[in-house]
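Below you'll find the structure, written out as structure tokens, and then a few comments.
Residue numbers (the working numbering), protein chains in the order written: chain A, 20 to 421; chain B, 3 to 384.
Written out as structure tokens, the structure reads:
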């Protein structure tokens, strides 16, 4: 019959570091700097600043302030801090709605990938510039026929002299029309293997011959995503990241960095802050309950996500935990938009609401992407479920999902 | 949950599990309210009911946090005993009042559902008054959790700023039960003699509410984990359409949602519980409010998903699931529903400057101290 088992479903460790005095001081520093810059008119808060707010100036400024590369080694210009240090800094950037998209992907996942799998030459070449906010990467993973199913990528890399020629199409590639490099996943086996085998990651300069980038206009009117065509684009062996044919594991690791960022729960928080600032009557029972629930969930999710971040010393182990965290966090940041819409009619305006209206509109039109980007939540839930099923040890389960 | 705990604690919790599983009635189908007296006696004999009380006062010592973990382990097990209220609250109150711990079990004399807004309750009419130096109690308090198990009751009388102790034998106890078939008894006293001590009434009343919430939150997490394990077991063994239910994508989606609720609650309640230890004399209420709110809100969803995935089997009294889902449905309403705590937190967040809002979430900064001070004001009743 049923077994009476105790113990946690997934292993999570506390992340008390995220609530420490040290974290608070660091957060305060960043907040003051950003407030200053905002008052000087150096940026305007946006929803999804980490994805759509591409500003080389802001990235360079943050680099100069020593706020990039918090968790990257001092040897390459980083701060040699902890993952939680980095996390706390990113929170403040997201709360401020700062335009941090230019350096975001490079700093978040490319630098860690180079540290774990790259050559010393690649680390020396890219990481200092990433930390300086001067190096901008896009991530080439999805293709027209390979969205959630990354194992079915078809972009092909063939040996050519001391390097490779790459042909294929990547799509939904964020900011490729503005970045300098593409971290690209391609099929390199000869003959090409199926599925997860025979995949290699390459660094491709976006201004290389044969690269064509076509922006895709989103429903919010902006151009953040692109289609990238590669037509016999040449890269050298020096541009291979990690082991040829073994990129699947690397990519899965990078996804755990993607999925456990504060950007999974805070993309819309600037909207809540502005609603709190611009509207009156939050102390009435109805609005108070809505506000309270949003803060309760923020508290709970922050605790959950920082626990996963703190436990991620071994990214291979934490695939189900990061999938769970990303699913639950993005559902929250998406729901926040609707909750505020529901409560707004019973609140009063305290002066101008043009800022609130601007952020509301951005959020409403960006909402659908939140549970898709970084992995469609349904697929992530399947990963969580399979992990639970596998660990249950019950042999009856045989099939693949229907 | 045992991962990352000090070894001595793990040993204590293993001891609790052994006692709970020795319950001879485990295999029986149960109906009606029943206190597992054998297990309860074993827990008392083993000293587990003195965890968290200082040794100088006759307790076993150890941090408050351990008592909360024990609550969670007991909630995950089949056994039904008044641990949370007698140790988390009763024992603590007794220590505050300097009352002899030998006179345990102590239970707080409060209506645990008064913060639900769903019970047509009147303010429990309780008066204590002095006649030539002899203190006496009159009153009626409904929905006292497991009152029938008490040796003594402790109550705070706000008008007199006193903590009073009354013997259970001097009261009339009318049994009742909550949705989980736990004792939900009405206590009536008429000219019952009491002993009194002076206390900081506001602090004690606030602490009582928050401790109650925190211990219930721990109990909810324990019950949720058992529900999750039962559900994973069920969908991976039950065969339909030629394969286990777990092969259906729709089932996997719900399973993952259930797991997410449990993991988020486990982590959140764990954080609030750690804070209880760090500031034993003044628990940080915002953490606790968030923990109880989150656990109460998850309880309904976890119960609903578990029953949906179990199909008809889950509603049968013979099958164990409903034993724990009824605990979820009962405990989510005790010591404050999610609506109560969300509004409590939100009404305080409403009057803070916007710049300080994020600090509520990170439990940091001056606004935290401000909000904590605000929180120490007498909690309003719904």
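Backbone N, C-alpha and C define an ideal beta-carbon position, used for all residues, glycine too. No experiment lies behind these values; they were computed from the predicted model shown.
Segment limits, alpha helix (DSSP H) that includes residue i
i: residue 43 of chain A; result: 40-58
i: residue 127 of chain B; result: From DSSP, residue 127 of chain B is part of no alpha helix (DSSP H) but of the beta strand (DSSP E) over 127-133.
i: residue 43 of chain B; result: 39-47
i: residue 263 of chain A; result: Taken as a continuous stretch (DSSP letters only), residue 263 of chain A belongs to no alpha helix (DSSP H), as it is neither H nor E.
i: residue 167 of chain A; result: Here residue 167 of chain A belongs to no alpha helix (DSSP H), and DSSP marks it neither H nor E.
i: residue 66 of chain A; result: Premise fails: residue 66 of chain A is in no alpha helix (DSSP H) and is neither H nor E.
Enclosing beta strand (DSSP E) for residue i [first to last residue]
i: residue 253 of chain A; result: 242-255
i: residue 140 of chain B; result: 136-147
i: residue 159 of chain B; result: 154-159
i: residue 193 of chain A; result: 182-193
i: residue 232 of chain A; result: 230-236
i: residue 219 of chain A; result: 218-224
i: residue 93 of chain A; result: No beta strand (DSSP E) contains residue 93 of chain A, which DSSP labels as neither H nor E.
i: residue 1 of chain B; result: Here chain B covers residues 3 to 384 and nothing more, so residue 1 of chain B does not appear.
i: residue 158 of chain A; result: 156-159
Short CB-CB distance (under 7 Å) between residue i and chain B
i: residue 360 of chain A; result: no
i: residue 295 of chain A; result: yes
i: residue 369 of chain A; result: no
i: residue 393 of chain A; result: no
i: residue 270 of chain A; result: no
i: residue 256 of chain A; result: no
i: residue 66 of chain A; result: no
i: residue 131 of chain A; result: no
i: residue 364 of chain A; result: no
i: residue 63 of chain A; result: no
i: residue 322 of chain A; result: yes
i: residue 408 of chain A; result: yes
i: residue 413 of chain A; result: yes
i: residue 318 of chain A; result: yes
i: residue 373 of chain A; result: no
i: residue 292 of chain A; result: yes
Test: residue i CB closer than 7 Å to a CB of chain A
i: residue 82 of chain B; result: no
i: residue 296 of chain B; result: yes
i: residue 330 of chain B; result: no
i: residue 349 of chain B; result: yes
i: residue 254 of chain B; result: yes
i: residue 326 of chain B; result: no
i: residue 2 of chain B; result: Past the edges of chain B, shown from 3 to 384, lies residue 2 of chain B, and the structure says nothing about it.
i: residue 257 of chain B; result: yes
i: residue 318 of chain B; result: no
i: residue 197 of chain B; result: no
i: residue 58 of chain B; result: no
i: residue 234 of chain B; result: yes
i: residue 312 of chain B; result: no
i: residue 365 of chain B; result: yes
Cβ neighbours of residue i in the same chain (closer than 7 Å, five flanking residues each side left out)
i: residue 69 of chain B; result: 53, 54, 89 and 90
i: residue 105 of chain B; result: 153 and 154
i: residue 353 of chain A; result: 386, 389 and 390
Contacts around residue i, its chain only, beta-carbon distance under 6 Å, and the 5 residues preceding and following it disregarded
i: residue 293 of chain B; result: 219, 270, 271 and 274
i: residue 147 of chain B; result: 87 and 114
i: residue 298 of chain B; result: 334, 339 and 340
i: residue 192 of chain A; result: 157, 159, 245 and 247
Same chain only: Cβ atoms within 8 Å of residue i, ignoring 5 sequence neighbours per side
i: residue 19 of chain B; result: 75 and 79
i: residue 330 of chain B; result: 222, 225, 226, 229, 301, 302, 304 and 305
For residue i: DSSP bridge partner residues
i: residue 367 of chain A; result: A/299
i: residue 185 of chain B; result: B/179
i: residue 383 of chain A; result: According to DSSP, residue 383 of chain A bridges with nothing at all.
i: residue 199 of chain B; result: B/165
Proximity test, Cβ basis, 7 Å: residue i and chain D
i: residue 289 of chain A; result: Within the model displayed, chain D is absent; protein chains A and B are what it includes.
Does the segment 168-184 of chain A come within contact of the segment 210-219 of chain A, defined as at least 3 CB pairs closer than 8 Å? Output reads yes: the segment 210-219 of chain A touches the segment 168-184 of chain A.
Answer yes if the segment 209-220 of chain B comes into contact with the segment 311-324 of chain B, meaning at least three C-beta pairs across the two stretches below 8 Å, and no otherwise. The segment 311-324 of chain B makes no contact with the segment 209-220 of chain B: fewer than 3 CB pairs, one atom from each, lie closer than 8 Å.
Between the segment 141-158 of chain A and the segment 77-84 of chain A, do three or more beta carbon pairs fall short of 8 Å? Enough Cβ pairs lie closer than 8 Å, so yes.
Below 8 Å, can you find three or more Cβ-Cβ pairs linking the segment 183-196 of chain B to the segment 346-359 of chain B? Under the 8 Å Cβ criterion, the segment 183-196 of chain B does not count as touching the segment 346-359 of chain B, having fewer than three qualifying pairs.
On the three-pair Cβ rule with 8 Å, is the segment 273-287 of chain A touching the segment 249-264 of chain A? Three or more Cβ pairs closer than 8 Å define a contact, and the segment 273-287 of chain A falls short of that threshold against the segment 249-264 of chain A.
Do the segment 307-325 of chain A and the segment 396-408 of chain A touch if we need at least three Cβ pairs shorter than 8 Å? No contact exists between the segment 307-325 of chain A and the segment 396-408 of chain A.
Okay, do the segment 194-203 of chain B and the segment 126-144 of chain B touch, 3+ Cβ pairs below 8 Å being the bar? Short answer: they touch.
Are there three or more Cβ pairs, one per stretch, closer than 8 Å when the segment 249-256 of chain A is compared with the segment 179-186 of chain A? Output reads yes: the segment 179-186 of chain A touches the segment 249-256 of chain A.
Are at least three pairs of beta-carbons, each pair with one atom in the segment 303-322 of chain A and one in the segment 377-385 of chain A, less than 8 Å apart? At 8 Å Cβ cutoff, the stretches do not touch.
With three or more C-beta pairs closer than 8 Å as the rule, is the segment 70-80 of chain A touching the segment 92-99 of chain A? Result no; under three Cβ-Cβ pairs closer than 8 Å.
Three Cβ pairs or more, each shorter than 8 Å: is that satisfied between the segment 109-118 of chain A and the segment 287-301 of chain A? Three or more Cβ pairs drawn from the segment 109-118 of chain A and the segment 287-301 of chain A lie within less than 8 Å of each other, which places the two stretches in contact.
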